[in-house]
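Student: Structure incoming, see below.
2 protein chains.
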Amino acid sequence: MKVVKFGGSSLASGNNVDKALNIIKSDPDRKIIVVSAPGKRNAADIKVTDLLITYAYTSLRSNNYDNIANKIFKRYELIAQYFDLPEKELAEIKRLLFALPKLDYPNADYRMATFKAHGERLNAMLTAKILQHQGIKARFLEPKDVGLIVTGTPNNAEVNPETYINLKRIQLQTDERIIFPGFYGITPSGHIATFSRGGSDITGAILARGFNVDLYENFTDVDAIFSANPSIIDHPKPIKKMTYQEMRELSYAGFSVFHDEALIPAIQGEIPVNVKNTNAPEKPGTLIVPEDNFVPQRTITGIAGGKNFAALYLRKYMLNKGSGFTLKLMEIFNKHHVSYEHMPSGIDDLTIIFKKDALSDQLIDVICNEIQTSLNPDQMQWIDDYAITMVVGEGMKDKLTLCASILYPLGKKNISIQMINQGASQISIMIGTRRQDEEAVIKTIYDNFNA
Amino acid sequence: MKVVKFGGSSLASGNNVDKALNIIKSDPDRKIIVVSAPGKRNAADIKVTDLLITYAYTSLRSNNYDNIANKIFKRYELIAQYFDLPEKELAEIKRLLFALPKLDYPNADYRMATFKAHGERLNAMLTAKILQHQGIKARFLEPKDVGLIVTGTPNNAEVNPETYINLKRIQLQTDERIIFPGFYGITPSGHIATFSRGGSDITGAILARGFNVDLYENFTDVDAIFSANPSIIDHPKPIKKMTYQEMRELSYAGFSVFHDEALIPAIQGEIPVNVKNTNAPEKPGTLIVPEDNFVPQRTITGIAGGKNFAALYLRKYMLNKGSGFTLKLMEIFNKHHVSYEHMPSGIDDLTIIFKKDALSDQLIDVICNEIQTSLNPDQMQWIDDYAITMVVGEGMKDKLTLCASILYPLGKKNISIQMINQGASQISIMIGTRRQDEEAVIKTIYDNFNA
Chain A
0 MKVVKFGGSS LASGNNVDKA LNIIKSDPDR KIIVVSAPGK RNAADIKVTD
50 LLITYAYTSL RSNNYDNIAN KIFKRYELIA QYFDLPEKEL AEIKRLLFAL
100 PKLDYPNADY RMATFKAHGE RLNAMLTAKI LQHQGIKARF LEPKDVGLIV
150 TGTPNNAEVN PETYINLKRI QLQTDERIIF PGFYGITPSG HIATFSRGGS
200 DITGAILARG FNVDLYENFT DVDAIFSANP SIIDHPKPIK KMTYQEMREL
250 SYAGFSVFHD EALIPAIQGE IPVNVKNTNA PEKPGTLIVP EDNFVPQRTI
300 TGIAGGKNFA ALYLRKYMLN KGSGFTLKLM EIFNKHHVSY EHMPSGIDDL
350 TIIFKKDALS DQLIDVICNE IQTSLNPDQM QWIDDYAITM VVGEGMKDKL
400 TLCASILYPL GKKNISIQMI NQGASQISIM IGTRRQDEEA VIKTIYDNFN
450 A
Chain B
0 MKVVKFGGSS LASGNNVDKA LNIIKSDPDR KIIVVSAPGK RNAADIKVTD
50 LLITYAYTSL RSNNYDNIAN KIFKRYELIA QYFDLPEKEL AEIKRLLFAL
100 PKLDYPNADY RMATFKAHGE RLNAMLTAKI LQHQGIKARF LEPKDVGLIV
150 TGTPNNAEVN PETYINLKRI QLQTDERIIF PGFYGITPSG HIATFSRGGS
200 DITGAILARG FNVDLYENFT DVDAIFSANP SIIDHPKPIK KMTYQEMREL
250 SYAGFSVFHD EALIPAIQGE IPVNVKNTNA PEKPGTLIVP EDNFVPQRTI
300 TGIAGGKNFA ALYLRKYMLN KGSGFTLKLM EIFNKHHVSY EHMPSGIDDL
350 TIIFKKDALS DQLIDVICNE IQTSLNPDQM QWIDDYAITM VVGEGMKDKL
400 TLCASILYPL GKKNISIQMI NQGASQISIM IGTRRQDEEA VIKTIYDNFN
450 A
């Protein structure tokens with residue numbers, strides 16, 4: 000049995016949905032189908048999730064929201080018409096969509112989560128109806144039906160382990176397909192809460208683990224995961240096979256093909272993940288597997304780069320005499336719900352690296368002021384243009400001169416390195432530079448290792 | 000005006016004290032003399048400070064402590080006899096020494112601090128008397144006379160900034176020498192508290208800053224600070240001149256010539272420090288100067304290695320989602336008064352590096368148990384044999400290929416590198432290895448760079 004997940008671009012139009020349905024129908028093992036909300040049909044198009052966010056805001060301000068609601072409904076209607084689905088089959092979808100502003104919500108965050116989740120919810124309902132219309136036994140199931148329980152903040156929820164106990168109890172009929180909406184779960188009190196953006200990958204992984212399937216197929220719009228970003232490297236090599244850990248390290252710094260958090264349930268359930276292309280399902284894609292018995296084909300599997308980092312440099316004599324300095328720092332971060340990424344330290348200094356999207360300019364000011372007041376550093380500097388490049392490969396283990404071989408050509412190109420972090424895992428090297436150097440870092444390493 | 004500090008080995012015997020006094024007398028600028036307690040006269044000898052610790056314990060258990068007190072007094076008496084000092088001049092020293100068990104102390108820690116401090120206190124008194132006996136105008140001054148105020152724990156105190164205001168008020172006569180005991184200060188309530196072991200260097204630096212002298216001469220038993228440990232490298236090069244920051248980074252990992260904390264007051268007062276040999280005062284020694292206008296003579300100034308580190312490896316998926324993980328960790332460390340040195344992190348893991356002397360086996364167990372309970376890591380490992388090597392040099396700045404050139408030969412020698420930390424200061428590279436590899440690391444880097 001397989002879990003198959005389709006991304007938004009794979010379900011953006013009737014034509015795309017048809018390709019997805021053919022993929023499902025071509026393999027009886029593809030029993031559990033996780034769908035995203037319809038994505039962009041072209042570069043100028045707007046994703047249904049973004050339309051729903053606009054809908055949520057518009058309907059808060061006035062009762063004059065028919066325009067945006069109709070625009071959303073039209074997306075589903077167009078797909079239905081492609082399959083000659085009778086209009087009456089859409090009545091329930093329309094009713095649910097237009098009822099959203101009238102429901103009761105615990106607060107504004109839950110309201111937003113519910114609006115957003117309907118992109119997936121309605122798409123899963125529609126997909127089930129299309130399959131049924133085509134004479135295929137299909138059943139719509141959603142988080143409340145199976146007990147996919149989440150906790151945490153309404154728009155950045157986390158799966159609750161109870162989910163896996165609940166999923167074990169679900170009986171599946173041998174000849175039916177389950178169509179399941181991605182991206183959201185229900186809280187213990189029954190409200191909808193979503194994962195972070197792109198979270199349908201997470202739903203697929205949770206179901207893959209919960210139903211203990213043989214394979215989790217993740218269909219997207221690229222042939223494979225590439226060894227480097229194709230917008231930086233011309234025709235980078237596709238990665239045929241890699242380990243969970245390699246994928247974790249690569250997703251960290253910008254490999255956006257597969258959601259950062261989605262790998263965890265797959266790892267925990269030891270479910271192999273196959274990233275494939277909806278438009279070319281015959282291609283092998285990228286297979287992500289457990290570490291056991293993995294034989295690396297190359298030294299470097301991939302190079303990922305993330306430009307959206309910032310760093311705070313603090314200098315104070317004897318700062319590591321006593322654990323108090325870092326404790327106070329963490330208390331300040333925790334108070335403002337700020338998470339940091341890394342904290343390399345020298346003898347009398349400390350650099351704290353953040354993901355930029357977690358920090359507004361205002362928050363940076365507040366944090367810097369509090370640090371100045373309570374820690375009184377001798378020097379404090381905010382570095383706004385920090386980039387992190389990850390060089391990853393199971394084949395890097397025990398290659399003791401590799402780090403030097405990676406760094407030398409960067410030095411030759413006058414790239415100034417702010418941080419080097421050879422992970423304890425020994426399968427990656429993290430390189431911190433200024434943002435403007437990041438593409439040169441990736442190109443130089445790629446060219447030297449033909450990664 | 001100069002502050003001159005003599006270490007314990009420079010004052011261990013009458014013969015040594017004579018050399019020290021000749022150094023003082025040869026330069027009228029050497030006005031403020033900071034003395035340590037008499038050190039070892041030979042490898043089998045016991046330092047007076049260690050005798051005083053034994054005295055403190057012995058006198059706690061019984062009134063039968065004359066033996067150890069006499070043994071200590073004998074050390075001062077022998078020095079006095081070398082200079083034909085009349086026996087009556089020692090009466091005060093003997094009285095103070097034998098009175099120690101009878102004084103009132105706030106607690107056992109203050110008692111220990113007071114016992115230990117008398118090694119320096121009595122030696123400064125004796126030295127002043129010898130100079131006076133030789134017809135030289137000399138005055139014994141101690142922390143309570145000048146307001147050298149300390150705060151913190153009784154045996155690991157820190158200077159209070161008020162000290163510098165107090166020192167500004169002290170009037171020195173032009174033709175007198177001040178003999179001042181190192182190692183201790185007085186608390187705001189008038190009790191003796193000591194710096195950490197070897198803290199006479201700190202006293203010298205405080206006086207150098209407080210009296211705003213031209214030079215702080217630190218006399219010890221080596222010709223200079225060497226670019227590497229002479230027990231690992233045959234005849235390493237002496238360092239003629241280096242910056243404060245270079246010295247800070249080198250002392251961190253085991254350059255024990257000059258006390259780690261002693262540089263701070265010198266830096267704050269911008270007082271140059273000259274480390275010299277009591278037995279060869281004509282040699283230039285090592286001059287430690289501010290960074291401004293410093294022109295490095297070589298790429299690498301020195302290589303220091305510290306074997307006494309340990310590391311705790313923690314692995315948990317998504318550990319950096321939220322600042323809570325590190326905060327809880329810091330709360331545990333703070334609760335047990337444990338300070339950490341560095342905390343390099345990967346995507347899902349964290350290594351915390353400690354100085355071993357700060358941790359007993361029992362404390363390690365307690366901390367690991369608390370981490371297991373409150374943070375529930377997926378993996379936790381204690382690495383007991385961690386070593387840190389520091390490669391330091393102002394000349395390393397802007398040498399962008401240097402890090403690669405340092406690492407490559409280490410890889411060739413099959414040395415596995417656990418951590419690389421290129422400091423934000425850009426004048427040092429920190430290399431973490433297993434303890435057994437540390438000497439090979441130092442040798443390899445030294446040989447390659449002829450440091």
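First to last, the protein sequences are chains A and B.
Residue 0 is where the first sequence starts when you use numbering that gives the first Met the number 0, and the numbers rise one by one after that.
Residue 0 is where the second sequence starts when you use numbering that gives the first Met the number 0, and the numbers rise one by one after that.
We treat Cβ as the ideally placed atom computed from N, Cα and C, and that holds for glycine.
Is the segment 289-299 of chain A touching the segment 276-296 of chain B in the sense that three or more CB pairs, one from each, lie closer than 8 angstroms?
Tutor: no
Student: Considering only heavy atoms of the ligand MG, does any lie closer than 7 angstroms to the CB of S9 (chain A)?
Tutor: The ligand content of the structure shown is nil, which means the ligand MG is not present either.
Student: What residues from chain A crowd round C367 (chain B), counting only those whose CB sits closer than 7 angstroms?
Tutor: One-based indexing of the second sequence puts residue 367 (chain B) at position 368. Simply none; closest approach about 16 angstroms.
Student: Quick check: what's the CA-CA separation for R247 (chain A) versus I346 (chain B)?
Tutor: Translated into the one-based positions of the first sequence, residue 247 (chain A) becomes position 248. Translated into the one-based positions of the second sequence, residue 346 (chain B) becomes position 347. So the two alpha carbons sit approximately 8 angstroms from each other.
Student: Which ranges does the beta strand (DSSP E) cover as unbroken runs of at least 3 residues, wholly within the segment 1-60 of chain A, from first to last along the chain?
Tutor: 1-5 and 29-34
Student: If you measure from the beta carbon of M246 (chain B) to each beta carbon in chain D, is any gap under 8 angstroms?
Tutor: The structure shown contains no chain D; its protein chains are A and B.
Student: Determine the DSSP secondary structure at N276 (chain A), reduced to helix, strand or coil.
Tutor: Against the first sequence, residue 276 (chain A) aligns to sequence position 277. Three-state result, N276 (chain A): strand.
Student: Does S373 (chain B) come out as helix, strand or coil in the three-state DSSP assignment?
Tutor: Residue numbering aside, residue 373 (chain B) sits at position 374 when the second sequence is read from its first letter. S373 (chain B): helix per DSSP, three-state reduction.
Student: Kindly list, in the order they appear in chain A, the residues whose Cβ is closer than 7 angstroms to that of K411 (chain B).
Tutor: As a position in the second sequence, residue 411 (chain B) is number 412, starting the count at 1. In chain order: T400.
Student: Classify Y423 (chain A) as buried or exposed, calling it buried when 16 or more other Cβ atoms lie within 10 Å of its own Cβ.
Tutor: The residue labelled residue 423 (chain A) in the question sits at position 424 within the first sequence. Checking the sequence, you will find Ala at residue 423 (chain A) rather than Tyr. It counts as buried.
Student: In chain order, what residues of the same chain lie with their CB nearer than 7 angstroms to the CB of K354 (chain A), ignoring the 5 residues before and after it?
Tutor: Taking the first residue of the first sequence as 1, we reach residue 354 (chain A) at position 355. Same-chain partners within the cutoff: N307, F308 and E340.
Student: Identify whether L358 (chain B) lies in helix, strand or coil by the three-state DSSP scheme.
Tutor: As a first step, residue 358 (chain B) is located in the second sequence; it is residue number 359 there, counting from the start. The answer is coil: DSSP assigns L358 (chain B) none of H, G, I, E or B.
Student: Looking at the structure shown, is G203 (chain A) part of a helix, part of a strand, or coil, going by DSSP?
Tutor: Your numbering for residue 203 (chain A) matches position 204 in the first sequence. Note: G203 (chain A) maps to helix in three-state DSSP.
Student: Using a cut-off of 8 angstroms between C-beta atoms, extract the partners of G345 (chain B) located in chain A.
Tutor: As a first step, residue 345 (chain B) must be located in the second sequence, where it is residue number 346. Those within 8 angstroms of G345 (chain B) in chain A are E248, N420, G422, A423, S424, S427 and M429.
Student: Measure the Cβ-Cβ separation of T113 (chain A) and I191 (chain A) and say whether it is below 8 angstroms.
Tutor: Within the first sequence, the letter at position 114 stands for residue 113 (chain A). Within the first sequence, the letter at position 192 stands for residue 191 (chain A). Yes, Cβ-Cβ distance for T113 (chain A) and I191 (chain A) is below 8 angstroms.
Student: For the segment 312-344 of chain A, which residues have a CB atom closer than 7 angstroms to at least one CB atom of chain B, in sequence order?
Tutor: Y312, Y316, M317, N319, K320, G321, S322, G323, T325, L326, M329, E330, F332, N333, V337, S338, Y339, E340, H341, M342, P343 and S344
Student: Using C-beta distances below 7 angstroms, list every residue in its chain close to D377 (chain A), excluding the 5 sequence neighbours before and after it, in chain order.
Tutor: On the first sequence, residue 377 (chain A) is found 378 positions in, with the first residue counted as 1. Excluding residues within five positions, the ones whose Cβ falls inside 7 angstroms are R314, K315 and Y316.
Student: Is the number of C-beta pairs between the segment 276-283 of chain B and the segment 13-24 of chain B that are closer than 8 angstroms three or more?
Tutor: yes
Student: Can you say whether I302 (chain A) is buried or exposed, counting buried as having 16 or more other CB atoms within 10 angstroms of its CB?
Tutor: Position 303 of the first sequence, counted from the start, is the residue given in the question as residue 302 (chain A). Answer is buried; the Cβ neighbour count reaches 16.
Student: Shortest alpha-carbon distance to Q435 (chain B) belongs to which of B:S195, B:G304 and B:I370?
Tutor: To locate residue 435 (chain B), count along the second sequence from 1; it is residue 436. If we check each option's Cα against that of Q435 (chain B), B:G304 comes out closest.
Student: Where does the unbroken alpha helix (DSSP H) through R94 (chain B) begin, and where does it stop?
Tutor: Position 95 of the second sequence, counted from the start, is the residue given in the question as residue 94 (chain B). Unbroken alpha helix (DSSP H) run through R94 (chain B): A90 to A98.
Student: Listing by chain order, which chain B residues have their CB less than 8 angstroms from the CB of Y251 (chain A)?
Tutor: Position 252 of the first sequence, counted from the start, is the residue given in the question as residue 251 (chain A). The contacting residues are I346.
Student: Could you tell me if I164 (chain A) is buried or exposed, where buried requires 16 or more neighbouring beta carbons within 10 angstroms of its beta carbon?
Tutor: On the first sequence, position 165 is the one that residue 164 (chain A) refers to. Exposed, by the Cβ-count rule.
Student: Quick one: which chain B residues come within Cβ less than 8 angstroms of T202 (chain A)?
Tutor: By 1-based counting over the first sequence, the position of residue 202 (chain A) is 203. Simply none; closest approach about 17 angstroms.
Student: Report all residues from its chain with a CB closer than 6 angstroms to the CB of A261 (chain B); omit the five preceding and five following residues, and keep chain order.
Tutor: Residue mapping note: residue 261 (chain B) aligns to position 262 of the second sequence, counting from 1. Only D200, I201 and A204 meet the Cβ criterion.
Student: For G6 (chain A), tell me which candidate among A:K39, A:K24, A:D26 and A:S25 has the shortest Cα-Cα distance.
Tutor: To locate residue 6 (chain A), count along the first sequence from 1; it is residue 7. With distances taken between Cα atoms, G6 (chain A) lies closest to A:K39.
Student: Tell me the residue span of the beta strand (DSSP E) that contains V440 (chain A).
Tutor: Taking the first residue of the first sequence as 1, we reach residue 440 (chain A) at position 441. From DSSP, V440 (chain A) is part of no beta strand (DSSP E) but of the alpha helix (DSSP H) over E437 to F448.
Student: On a CA-only basis, which of B:I430, B:I129, B:K1 and B:F332 is nearest A79 (chain B)? Give me that one, please.
Tutor: Here residue 79 (chain B) refers to the residue found at position 80 of the second sequence. It is B:I129.
Student: Identify which residue in B:F182, B:M111, B:I177 and B:V47 has its Cα closest to the Cα of K24 (chain B).
Tutor: Residue mapping note: residue 24 (chain B) aligns to position 25 of the second sequence, counting from 1. Checked all of B:F182, B:M111, B:I177 and B:V47; the closest Cα to K24 (chain B) is B:I177.
Student: In chain order, what residues of the same chain lie with their CB nearer than 7 angstroms to the CB of K327 (chain A), ignoring the 5 residues before and after it?
Tutor: Your numbering for residue 327 (chain A) matches position 328 in the first sequence. So the list reads S373 and L374, once near-sequence residues are dropped.
Student: From G146 (chain A) to I416 (chain A), what does the alpha carbon distance come to, in whole angstroms?
Tutor: Residue 146 (chain A) sits at position 147 when you count from the first residue of the first sequence. Residue 416 (chain A) sits at position 417 when you count from the first residue of the first sequence. Their Cα atoms are separated by approximately 48 angstroms.
Student: Run through the DSSP bridge pairs and tell me what I185 (chain A) is partnered with.
Tutor: Position 186 of the first sequence holds residue 185 (chain A). DSSP lists A:I148 and A:I191 as partners of I185 (chain A).
Student: What would DSSP say about G197 (chain B), mapped onto helix, strand or coil?
Tutor: Position 198 of the second sequence, counted from the start, is the residue given in the question as residue 197 (chain B). Three-state DSSP puts G197 (chain B) in coil, outside helix and strand.
Student: Between the Cα of N413 (chain A) and those of A:V34, A:V440 and A:T400, spot the shortest distance and give me the residue it belongs to.
Tutor: Residue 413 (chain A) sits at position 414 when you count from the first residue of the first sequence. Its Cα nearest to that of N413 (chain A), the residue A:V440 stands out among A:V34, A:V440 and A:T400.
Student: Rounded to the nearest angstrom, what separates N69 (chain A) and Q172 (chain A) at their Cα positions?
Tutor: Reading the first sequence from its first residue, position 70 is the one you call residue 69 (chain A). Reading the first sequence from its first residue, position 173 is the one you call residue 172 (chain A). Going by the C-alpha atoms only, they are around 36 angstroms apart.
Student: Anyone know if the C-beta pair for A207 (chain A) and G268 (chain A) falls short of 8 angstroms?
Tutor: Residue numbering aside, residue 207 (chain A) sits at position 208 when the first sequence is read from its first letter. Residue numbering aside, residue 268 (chain A) sits at position 269 when the first sequence is read from its first letter. Closer than 8 angstroms, so yes.
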